[in-house]
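K.L.:
The structure's right below; bear with me while I get my questions together.
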Amino acid sequence: MTATSLTYFAIAAAQGAFKNVTVSERTAQAFADGSWILAIVYIVVALGGLAALVTLSGLVLIYVERKLAAHFQCRLGPMRVGWHGIFQTVADAVKLLLKEDVIPEKADKAMHLLAPFLSMMATVMVLGVLPYSPILQITDINIGVLFVTAVSGFGVMGILLGGWSSNNKWSMVGAMRAGAQIISYEISATLALLVVVLFSGSLSLAEIVQSQDAGWWIWRANGVGFVSFIIFVIAVTAEINRTPFDIPEGESELAAGFHTEYSGLRFSFFFLAEFINMFVVSGMTATLFLGGWMPFHIGAWAGFNGFMDLIPPVLWFTGKTSVVIFLIMWFRWTFPRLRVDQLMYLEWKVLLPIGFVNLFAAAVVVLYNLYPFPILVP
Amino acid sequence: MGRVDFNDVKHETRTFAGVTVPVSVVPRFKRQAYPTRFLFSLKSLVDGMRLTFGYLVRPSTVVTRQYPENRATLKFPERYRASLKFKFDENGYQSCNGCGSCERACPNGSIILETRKGATGKNEIERYIWRMDSCVLCNACVEACSFGSLEMSHDFENAVYDRRLLVYTLNRYAGPTANVLLKEENLEAREAMMTKIDAYGGQVPMNGYALPTVAALGTPREKAATDGKGEAS
Amino acid sequence: MNPLIAQIAAHSPGLRDWLALTSVIFSIGLYGLLTRRNAVGILMAVELMLNSAAMNFVIFNRFCLPARMDGSVMAIFVIAVAAAEVVVGMAIFVALYRYRGTVDVNQMNTMQDPVISIEGPGDFNREVMKNINKQYKSRHDH
Amino acid sequence: MIASAIYTVLFYAIAAGTILLALAVVNTRKLLRAAVALMGALSTTAGLYAMLDAQFLAGVQVLVYVGGIVVLIVFAIMLTRSGELLEDNPTLKRKLVGAVISIGFLVSSVGAVWGSPFAIASAGKAPANDALMIGKALLDYGPGGFVVPFEVISLLLLAAMLGGIVIARKTPPTGQPFTSGGDLPGEAEVYHPLSQRDDETGGRAS
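As you go down the protein sequences, you meet chains H, A, W and U in turn. When we follow my numbering, the leftmost residue of the first sequence carries the number 1, and every step to the right adds one. When we follow my numbering, the leftmost residue of the second sequence carries the number 379, and every step to the right adds one. When we follow my numbering, the leftmost residue of the third sequence carries the number 612, and every step to the right adds one. When we follow my numbering, the leftmost residue of the fourth sequence carries the number 754, and every step to the right adds one.
Here's what the structure looks like:
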């Protein structure tokens, strides 16, 4: 069975290797061809790949975060488990798995159990539509950008439920803050994202990447793209509740915010969701503004462009995502936390007006063809 | 961001209700225009990021010390306080005369003095008990001591498995009391009795507990202690 | 082909099945509307009803006029109206709660009659009711 | 054939889920659980929209309902403490009346649906890019365009937003009609608007 399916998969991979199709399309094709096993193999591989991505990127990101945090603060960070503490996260994960899963006595148990899964679901669902490379994407839906914005609502619900069901004042306050913060900053993130949608003329993420063939939107959009890039990075940093916008879990005032009462596996779900969220928003930033898996090209300089094409698209995607992740971590270990009123001030009085003006300017640029590059209309 | 320029602060005298007092007149805080403030905030953000990036790329700034490996080369700040210690001169004598200032100065009763009447009729210290388990290392005893007999040392490796072991005798055994000494005719033997016994100091089990991990108060500690105590009481 | 699969495929949902589904959801919403006493609960029931009504547009669009998107547009309007309704509704509930200490719709009867029955528990409510009654009387004394 | 069978199974599964969640919405005593069930019901409805070839609408449904409306409802539940003050069980009479009316409505409407003929378009194929179609329809002012309703809806949303802010505001602004006096000292202590309506001191006296 295993050998057969592996063979099937190898053949299919060889056939479809250089075609611009997603895993879901291949599954549908296999299904239409009547090869059930191949379709099932595709599904299993996709799900397994997602699970592996979640686990691996979680482990790696947590380690990197701790190391970077340490070095930003003149420390060394984990050094004991393995070479330079490289297995520290694994050890922590094992510890969390073995810990007792405590549920407070007065908690609303069903909701308390459900909340981390909602949080996790919101994150993993976005991973399914990110284009990692032309041939590596779980599914490309028509409304990709809308989908990404929509499913973040489940994350808000997860946090709100987690805070409420713990029956703890700190959790509750943290959850309310998180809810207010996320739905506020979602507006700015959407405004920034609409600029890219305007330029590329499509909601599908794969097509947005394709439209950056001639140059990335961050600079090809005549400054509008750069402004919306900055707004987007700020807004998504707030949306994933990271410092300097981490008032929902402000340690100094709220114990740990909405996940104060969580322990063991469920806490690790919240924790993992936070880091995968960082990967997701960085991947989205890379896809929308930095060209996704598109290699870096300079005009018609064929030699340079050819050299850049040698690097596989997955590496381009990973590299760009890593740069944004580094940026977000750099923010975290540099800036102090904002107060609640400053947070709201920043969103409603600074980012929102700038976002609206920027969107209007982008509309003008697109409408009157004010930019020198041609855009690809699918 | 507006800032107060301290060069603009004027120092003058003013009369309030017939009393003339010197005052400092600080100019009113002025908010700068929005674009200036905006740019200033951006600049401050960039400054902060540059600073932390500098820490990231220069490994020499790392201050972490990896303790068990660098035990031999550990360096402590001058005023680091890890445990209380008696000061002994080169002959092994301490200057403590059992006045009890430290005992009174201790905020939580971590110091217990047992004194006895010495050979010259003055009080002298018999046992200086320091309970590390309740000590907060506040340094009040060291400051209270008029004779400079105490100091805070850098010995920080004091971990034990039993809390009752965190009780120390700080002084050394200074020989039996005078009446015991005088009964001894042999001068050499008298000298020997007056030898400072180092082993007298160190951990003492609390409330007379017999703990397996602590060496019994045997020779010479056991003998010395019983000798001294039996006569003094 | 497997006969079971053929059997299942023969029962592919048609227009009437879809409409029956929305009717069921609508009646569930109606039941909630009639039995709930908490205003927020009633609002949720209304959301269910609005939702099923919006789905009807899409169903008719899909089955009767598949080449156009008018049903989707109407559904988007319904969603927008639902959003507006929830915003105002939530504001009203919060204001009501601040003044009355409850959002039980059975107690929202201050405009009903000069003699007000005190239904709800709690001293706060009682005080409010007494106050209202007193003021009503004093206004009529003038 | 297989696709059709899968479609059928999916339809009945999702429909059953939606109905169960909707029942939970109206029957749960704890309101916050009802809100979670409502979120589930609206998400499964999004799935049904996707099955009706309205992907864009499914996205909008999740975006607006789950990300906005349900979150607002949860906020409303928390702010009015409806989750803690357990709603008392409706009386049997109330339940019976509700059940009779809703089942009566269900029977009559399903009967009407089953009895009436519909002009079902046989050869219908949904357009590939529905977002594009919806966008064009929304901004088209020719025949079949919806630009006027679109503008009206945007006005409605603006009015709702302002109304929400004005109603839920803690202290009413000074000198506005229909408010109780303004940001006066002691305004915060006033717990009922009626208690100061006849009061000449503007809320300052207790």
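Note that CB positions come from ideal geometry on N, CA and C, so glycine has one too. Computed from a predicted model, the values in this text were never measured in an experiment.
Can you list the residues of chain U that residue 624 of chain W reaches, using a CB-CB cut of under 7 Å?
P.N.:
Chain U residues near residue 624 of chain W: 761 and 764.
K.L.:
Along the chain, where does the alpha helix (DSSP H) that runs through residue 116 of chain H open and close?
P.N.:
Residue 116 of chain H -> alpha helix (DSSP H) spans 109 to 127.
K.L.:
Can you tell me which of the three DSSP states residue 704 of chain W falls into?
P.N.:
Reduced to three states, the DSSP call for residue 704 of chain W is helix.
K.L.:
Evaluate contact between the region 811 to 827 of chain U and the region 795 to 803 of chain U, counting only Cβ atoms and requiring at least three cross-stretch pairs below 8 Å.
P.N.:
The region 811 to 827 of chain U vs the region 795 to 803 of chain U: in contact.
K.L.:
Going by DSSP, which residues form a beta bridge with residue 472 of chain A?
P.N.:
Note: residue 472 of chain A sits in a beta bridge opposite A:466.
K.L.:
Let me know the secondary structure DSSP gives residue 538 of chain A once reduced to three states.
P.N.:
Note: residue 538 of chain A maps to coil in three-state DSSP.
K.L.:
Count the other CB atoms, across all protein chains shown, that sit within 10 Å of the CB of residue 806 of chain U; report buried if there are 16 or more and exposed otherwise.
P.N.:
Burial call: buried.
K.L.:
Below 7 Å between beta carbons: does that hold for residue 519 of chain A and residue 570 of chain A?
P.N.:
Contact flag unset, no.
K.L.:
Would you grab the beta carbon distance between residue 909 of chain U and residue 695 of chain W for me? Rounded to a whole angstrom, and I think it's under 8 Å.
P.N.:
Indeed, because the Cβ distance is near 5 Å, the residues count as touching under 8 Å.
K.L.:
If you measure between the beta carbons of residue 269 of chain H and residue 163 of chain H, is that distance less than 7 Å?
P.N.:
No.
K.L.:
In chain A, which residues lie with their C-beta within 9 Å of the C-beta of residue 79 of chain H?
P.N.:
By Cβ distance, chain A contributes 442 and 444.
K.L.:
Quick one: which chain A residues come within Cβ less than 7 Å of residue 334 of chain H?
P.N.:
Under the 7 Å cutoff, chain A gives 426, 427 and 430.
K.L.:
For residue 439 of chain A, decide whether its Cβ has a neighbour in chain H, counting only Cβ atoms nearer than 7 Å.
P.N.:
Closer than 7 Å: yes.
K.L.:
I'd like the list of long-range same chain contacts for residue 122 of chain H, defined as Cβ closer than 7 Å, with 5 residues on each side in sequence excluded.
P.N.:
Same-chain partners within the cutoff: 151, 152, 154, 155 and 158.
K.L.:
Roughly how many angstroms lie between the CA atoms of residue 809 of chain U and residue 765 of chain U, to the nearest whole one?
P.N.:
Distance between the alpha carbons of residue 809 of chain U and residue 765 of chain U is about 22 Å.
K.L.:
For residue 358 of chain H, name the three-state secondary structure that DSSP assigns.
P.N.:
In this structure, residue 358 of chain H counts as helix in the three-state DSSP scheme.
K.L.:
Nearest chain H C-beta to residue 433 of chain A closer than 7 Å, yes or no?
P.N.:
Yes - at least one Cβ of chain H is within 7 Å of the one on residue 433 of chain A.
K.L.:
Just verifying my parser: in three-state terms, what is the DSSP assignment at residue 217 of chain H?
P.N.:
In the structure shown, residue 217 of chain H sits in a helix (DSSP, three-state: H, G or I).
K.L.:
For a quick check, are the C-beta atoms of residue 286 of chain H and residue 321 of chain H less than 7 Å apart?
P.N.:
Taking 7 Å as the Cβ cut-off, residue 286 of chain H and residue 321 of chain H qualify as a contacting pair.
K.L.:
For residue 847 of chain U, which residues in chain W fall below 9 Å Cβ to Cβ?
P.N.:
Ordered by position in chain W, the residues that pass the 9 Å Cβ test against residue 847 of chain U are 645, 646 and 648.
K.L.:
Skipping 5 residues on each side, what residues in its chain have a beta carbon closer than 6 Å to that of residue 332 of chain H?
P.N.:
These residues qualify, in order along the chain: 242 and 243.
K.L.:
Short of 7 Å in beta carbon distance, which residues of its chain neighbour residue 347 of chain H, apart from the five on each side in sequence? Order them along the chain.
P.N.:
The answer, listed in chain order, is 184, 185 and 188.
K.L.:
Cα-Cα, which of W:642, W:633, W:650 and W:645 is closest to residue 801 of chain U?
P.N.:
The residue with the shortest Cα to Cα distance from residue 801 of chain U is W:633.
K.L.:
Measure how close the beta-carbons of residue 76 of chain H and residue 70 of chain H come, nearest whole angstrom, since I'm counting them as under 8 Å.
P.N.:
With a Cβ gap of about 6 Å, residue 76 of chain H and residue 70 of chain H count as contacting.
K.L.:
Quick check on residue 867 of chain U: does DSSP put it in helix, strand or coil?
P.N.:
Of the three classes helix, strand and coil, the one that applies to residue 867 of chain U here is helix, per DSSP.
K.L.:
Would you kindly work out how many angstroms separate the C-alpha atoms of residue 774 of chain U and residue 760 of chain U, rounded to a whole number?
P.N.:
Residue 774 of chain U and residue 760 of chain U: Cα-Cα distance of roughly 21 Å.
K.L.:
Taking CB distances under 7 Å as the criterion, tell me whether residue 703 of chain W reaches chain U.
P.N.:
With 7 Å as the cut-off, residue 703 of chain W counts as an interface residue toward chain U.
K.L.:
Could you give the DSSP three-state label for residue 744 of chain U: helix, strand or coil?
P.N.:
The question about residue 744 of chain U has no answer, for chain U in this structure spans 754 to 959.
K.L.:
From the DSSP output, which residues share a beta bridge with residue 529 of chain A?
P.N.:
According to DSSP, which records beta bridges pairwise, residue 529 of chain A is partnered with A:463.
K.L.:
Just checking: is the beta-carbon of residue 900 of chain U within a distance shorter than 7 Å of some beta-carbon in chain H?
P.N.:
No, because no Cβ of chain H sits closer than 7 Å to the Cβ of residue 900 of chain U.
K.L.:
Residue 72 of chain H touches chain A at which residues, Cβ-Cβ below 7 Å?
P.N.:
Residues of chain A passing the Cβ test: 430, 433 and 434.
K.L.:
Name the chain W residues that come within less than 8 Å of residue 855 of chain U, Cβ to Cβ?
P.N.:
Those within 8 Å of residue 855 of chain U in chain W are 638, 639, 641, 642 and 645.
K.L.:
Could you tell me if residue 662 of chain W is buried or exposed, where buried requires 16 or more neighbouring beta carbons within 10 angstroms of its beta carbon?
P.N.:
Per the 10 Å Cβ criterion, buried.
K.L.:
Could you check how far apart the C-beta atoms of residue 131 of chain H and residue 209 of chain H are, in whole angstroms? I think they sit under 8 Å.
P.N.:
Residue 131 of chain H to residue 209 of chain H, Cβ: 5 Å. Contact.
K.L.:
Looking at residue 112 of chain H and residue 165 of chain H, is the spacing between their C-beta atoms short of 7 Å?
P.N.:
In this structure, residue 112 of chain H lies closer than 7 Å to residue 165 of chain H by Cβ.
K.L.:
Who are the near neighbours of residue 474 of chain A in its chain, counting only those whose CB is closer than 6 Å to its CB and skipping five residues on each side?
P.N.:
So the list reads 503 and 527, once near-sequence residues are dropped.
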